[in-house]
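One structure is given below, encoded as structure tokens.
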Amino acid sequence: MPVRASVAIGLVGTALAVVLVGSLHVLYAGDVDPVRRTISEYALRDLGWMFDTGVLGLAAGSVAVLIALVRAGLVRWPSFAAVGMLVWAAGMVAVVVFEKTNWAVGPSVGGVIHRYASLVAFFALPVATLVATRGREGAAWPRWLAIAALAWLGAILSGRSAVCRGGSSCRWGSWNGGWPSPRWASSSRWRSGPSPERLPPDEMHMSGISPRPNPAEVDLSAR
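Per our numbering, residue 175 is the first one in the sequence shown, and the count goes up by one each step.
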């Protein structure tokens, strides 16, 4: 594949992801908080196909960009940078195949795979960028973007750790049974949001939901 064609495919795939996921931010502006929720939650909604298409387009575009970089002699194959970019693309595909945990149903190993695949992908791409641009002139802005991405990922993980140390429920890798279920094999989707009773306490707090009291614990003397 010619370099120009690979670059064009990469740009189209990236633009597709920006347009589709950006549209979901607008369409679900009053339903999904993009600051407190991960964008993977869009996949559990009625327009989840837009998220899936955008992420797969980004993965395909990333592979096309890697092909262009290798053909242009900017990245060697095989190399740490090239493998890192492939890990990023594979992680994006895994994010689509194994959907985010639907707390209205309960945790699953598929949700755990989704979570760790995203973490590995978000770490692999900036590291691969730093390695690929090491010692190259005119590559300052990609390096700074990669550093900013790693710093942001570190801030998110630090915040999560602080929440865990504060006594809130942590579900980074919780699983109570079941096997991975690809998205297309699911018999139902999360259409109207999770039931408050199935959300962990920290997510109830983040969503502004107060857990319902257990009838057995209600003080009858107060009636």
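Note that the Cβ used here is the ideal one computed from N, Cα and C, for glycine as well.
Just so you know, these numbers come straight off a predicted model, no measurement behind them.
* Below 8 Å, can you find three or more Cβ-Cβ pairs linking the region 255-265 to the region 234-243? -> yes
* For chain B, find out if any of its Cβ atoms is closer than 8 Å to the Cβ of PRO316; answer yes or no. => The structure shown contains no chain B, having only a single protein chain.
* Round the Cβ separation of VAL192 and PHE225 to the nearest angstrom and send it over; I've been treating them as touching at under 8 Å. => Going by Cβ atoms, the distance from VAL192 to PHE225 rounds to 12 Å, so no, they are not a contact pair.
* Asked: When burial is assigned at 16 or more other CB atoms within 10 Å of the CB, is VAL162 buried or exposed?
  -> Beyond the ends of the chain as shown, which are 175 and 397, falls residue 162; an answer cannot be given.
* Asked: Span of the alpha helix (DSSP H) holding PRO300?
  -> 283-306
* Going straight from the alpha carbon of SER335 to that of LEU304, what length do you get? -> 26 Å
* Asked: Does the separation of the CB atoms of PHE272 and GLY284 fall below 8 Å?
  -> yes
* **Backbone CA spacing between ALA306 and TRP223 [nearest angstrom]** => 33 Å
* Quick one: residues in its chain with C-beta nearer than 8 Å to the C-beta of TYR216, no 5 flanking neighbours on either side, listed in chain order? => VAL195, LEU198, TYR202, VAL206, GLY222, MET224, PHE225
* To do: Please report how far the alpha carbon of TRP358 lies from the alpha carbon of TYR290, in whole angstroms.
  => Only weak support exists for where TRP358 lies, its pLDDT of 42 falling under 50; the coordinates are left without a value.
* To do: Determine the burial state of ILE330: buried for a count of at least 16 other Cβ atoms within 10 Å of its Cβ, exposed for fewer.
  => exposed
* What's the C-alpha gap between GLY280 and ALA322? -> 34 Å
* To do: Would you tell me roughly how many angstroms separate the C-alpha atoms of VAL229 and LEU240, rounded to the nearest one?
  => 17 Å
* To do: Kindly indicate which three-state DSSP category PHE225 falls into: helix, strand or coil?
  => helix
* To do: Could you pull the start and end residues of the alpha helix (DSSP H) that GLY196 belongs to?
  => 177-201
* Asked: Which residues bound the alpha helix (DSSP H) around GLY265?
  -> 254-271
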